[in-house]
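Written out below as structure tokens is the structure these notes cover.
Residue numbers (the working numbering), protein chains in the order written: chain A, 181 to 443; chain B, 591 to 834.
Listed below in structure tokens is the structure:
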């Protein structure tokens, strides 16, 4: 996901960060402006559009009836997929998901799954045979950095917006009844991503900061402030103390976000 | 499918295979096990059996992927169809694609990539038998294979996992503990730089538990680091004796 950034600007970003400032006026641990809009797509069972600065992600959910995994016969199935749509950046190409989109999908998936955000047992229709399958499709519409946090937030907002059709079982067949119920949501994981630039940690890197960062660290935090998923990315490294510092900041940021978004 | 054991830790505080919470599984590392590769290594860690091979530095193919100022690392982590209980399709899964990426990113900081502009190295990892924490054992083996290939590196990269099972924080998770436990934290380290080059987690840990798990993995890494060096010496010291 590389494109060109001038040396002068690189230097400017690094020098500002050393002084605790950033090019767009933010502090090192500030997020860009966040906008969340739910129910954007009427055809989807649930949807949400998230703007994180100029990064834009749309998530739609679909629910189908399918088979459970053999090791979890009493649980519904969660499937997360991410598409880096070519219109979002000149660096995205059409074709099957590459390692970057697979990584985003799997990190978003881990946050939702490991925090037990969805009560999957309530999505079981007939143990071992029929369950609801929740498809979460992440659509990146504009890439201006930190796709992981934007995607995770959009996925959570879309799940909270998801309505399932009511049903009843008649002679082993699932019959759809009128009316809708919300998806059984228990937890609200928030993912906080850091970039390491010149040995400093910054929160919510935008595109140009991502292009010069040494490494990236994402942490998903649940409603109790516990960590439920971590992913390090990029070809740099972190010192152990930096990781623990990041975990503390992530916890504060997630708490702020829970309050702000009234989760 | 295997039976779910009731308890992962017994009354004496021992684990299913009799280990203490901070005890690693037996580890065996062999260097230079494949004759066609420029460097190779084989690791056994518990029931894990993993081969790693390195080819290069060599001309990048396809050529347009070459970079003018540095070497390109490529990595493929792959599990043999017979490596797990139920046959795994040989086609690369999404998990394998993600792991290939994070393993590559864990090894890259150790290499002086700027010494070899326009070239590439290929790292191939084959998991022949999986028993939990395969990404960690793979990194440990791959780094040894890179050293065997003579690639200039800042340090070896060594990896170790920790996790939470039955409310205890334990090191080096085996398969059952990974699947039934409540958290898994794989970490890769360059011990001399104190640099963490891979860090992932899934599960649910408080900040304190996470710190404990992280420290356990770092301790484990340092122990395995000594074994990596022993394995490399075992190969190259014996060569020296022949010369004398």
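We put the beta carbon where it would ideally sit given N, CA and C, even for glycine.
Would you verify that the beta carbon of residue i is, or is not, closer than 8 Å to some beta carbon of chain B?
i, result
"residue 211 of chain A", "no"
"residue 302 of chain A", "no"
"residue 420 of chain A", "yes"
"residue 320 of chain A", "no"
"residue 415 of chain A", "yes"
"residue 432 of chain A", "no"
"residue 336 of chain A", "no"
"residue 181 of chain A", "In this prediction, residue 181 of chain A scores a pLDDT of 46, lower than 50, which makes its location untrustworthy; the coordinate-derived value is nonetheless stated afterwards. Residue 181 of chain A does not count as touching chain B."
"residue 286 of chain A", "yes"
"residue 428 of chain A", "yes"
"residue 410 of chain A", "yes"
"residue 223 of chain A", "no"
"residue 185 of chain A", "no"
"residue 406 of chain A", "yes"
"residue 279 of chain A", "yes"
"residue 298 of chain A", "no"
If I follow the unbroken alpha helix (DSSP H) through residue i, where does it start and stop?
i, result
"residue 657 of chain B", "Unbroken run through residue 657 of chain B: none, as it is neither H nor E."
"residue 280 of chain A", "279-294"
"residue 733 of chain B", "724-738"
"residue 271 of chain A", "Careful: residue 271 of chain A lies outside any alpha helix (DSSP H) and carries neither H nor E."
"residue 330 of chain A", "327-340"
"residue 769 of chain B", "765-770"
With distances taken Cα to Cα, identify the nearest neighbour of residue i among the options.
i, options, result
"residue 822 of chain B", "B/663, B/734, B/641, B/700", "B/734"
"residue 432 of chain A", "A/242, A/402, A/311, A/258", "A/402"
"residue 336 of chain A", "A/237, A/264, A/271, A/256", "A/237"
"residue 228 of chain A", "A/251, A/279, A/341", "A/341"
"residue 410 of chain A", "B/608, B/785, B/792", "B/792"
"residue 332 of chain A", "A/291, A/344, A/298", "A/291"
"residue 374 of chain A", "A/425, A/243, A/296, A/436", "A/425"
"residue 391 of chain A", "A/377, A/399, A/383", "A/377"
"residue 394 of chain A", "B/795, B/607, B/698", "B/698"
"residue 799 of chain B", "B/825, B/756, B/815", "B/756"
"residue 338 of chain A", "A/364, A/379, A/356, A/188", "A/364"
"residue 683 of chain B", "A/282, A/314, A/248", "A/282"
"residue 303 of chain A", "A/270, A/278, A/275, A/346", "A/346"
"residue 329 of chain A", "A/372, A/430, A/277", "A/372"
"residue 368 of chain A", "A/334, A/319, A/232", "A/334"
"residue 223 of chain A", "A/284, A/343, A/191, A/294", "A/343"
"residue 299 of chain A", "A/324, A/185, A/257", "A/257"
"residue 420 of chain A", "B/815, B/788, B/818", "B/788"
"residue 305 of chain A", "A/318, A/317, A/264, A/254", "A/254"
"residue 225 of chain A", "A/208, A/210, A/244", "A/244"
"residue 398 of chain A", "A/384, A/189, A/206, A/405", "A/384"
If you follow the beta strand (DSSP E) that residue i is part of, which residue opens it and which one closes it?
i, result
"residue 428 of chain A", "Segment 420-440 is the alpha helix (DSSP H) holding residue 428 of chain A; no beta strand (DSSP E) there."
"residue 795 of chain B", "785-795"
"residue 227 of chain A", "226-232"
"residue 412 of chain A", "407-413"
"residue 404 of chain A", "That residue, residue 404 of chain A, is in no beta strand (DSSP E); it is neither H nor E in DSSP."
"residue 779 of chain B", "773-780"
"residue 624 of chain B", "Note, residue 624 of chain B: premise wrong, no beta strand (DSSP E); not H, not E."
Using a Cβ-Cβ distance under 8 Å, would residue i count as near chain A?
i, result
"residue 646 of chain B", "no"
"residue 715 of chain B", "no"
"residue 603 of chain B", "no"
"residue 591 of chain B", "Confidence is the limiting factor: at residue 591 of chain B the pLDDT is only 42, short of 50, which leaves the residue's position unreliable and the question unanswerable from this model."
"residue 702 of chain B", "no"
"residue 767 of chain B", "no"
"residue 787 of chain B", "yes"
"residue 680 of chain B", "no"
"residue 669 of chain B", "no"
At a cut-off of 7 Å, is residue i close to the ligand FAD when judged by its beta-carbon and the heavy atoms of the ligand?
i, result
"residue 423 of chain A", "Although the ligand FAD was asked about, the structure shown includes no ligands whatsoever."
Between the C-alpha atoms of residue i and residue j, what's the straight-line distance to the nearest angstrom?
i, j, result
"residue 358 of chain A", "residue 202 of chain A", "53 Å"
"residue 758 of chain B", "residue 598 of chain B", "10 Å"
"residue 820 of chain B", "residue 602 of chain B", "33 Å"
"residue 723 of chain B", "residue 776 of chain B", "7 Å"
"residue 268 of chain A", "residue 326 of chain A", "13 Å"
"residue 591 of chain B", "residue 675 of chain B", "Below a pLDDT of 50, predicted positions are generally treated as unreliable, and residue 591 of chain B, at 42, falls in that range; the measurement from the model is reported next regardless. Those two C-alpha atoms are separated by around 7 Å."
"residue 389 of chain A", "residue 786 of chain B", "21 Å"
"residue 711 of chain B", "residue 660 of chain B", "11 Å"
"residue 657 of chain B", "residue 647 of chain B", "13 Å"
"residue 142 of chain A", "residue 234 of chain A", "No statement about residue 142 of chain A is possible, as the shown extent of chain A runs from 181 to 443 and does not include it."
"residue 624 of chain B", "residue 740 of chain B", "15 Å"
"residue 249 of chain A", "residue 314 of chain A", "13 Å"
"residue 262 of chain A", "residue 824 of chain B", "46 Å"
"residue 596 of chain B", "residue 767 of chain B", "12 Å"
Indicate whether the contact test is met: 3 or more Cβ pairs, each with one atom in the segment 660-669 of chain B and one in the segment 680-694 of chain B, closer than 8 Å.
-> yes
Take every Cβ of the segment 640-650 of chain B, pair it with every Cβ of the segment 800-807 of chain B, and state whether three or more of those distances are shorter than 8 Å.
-> no
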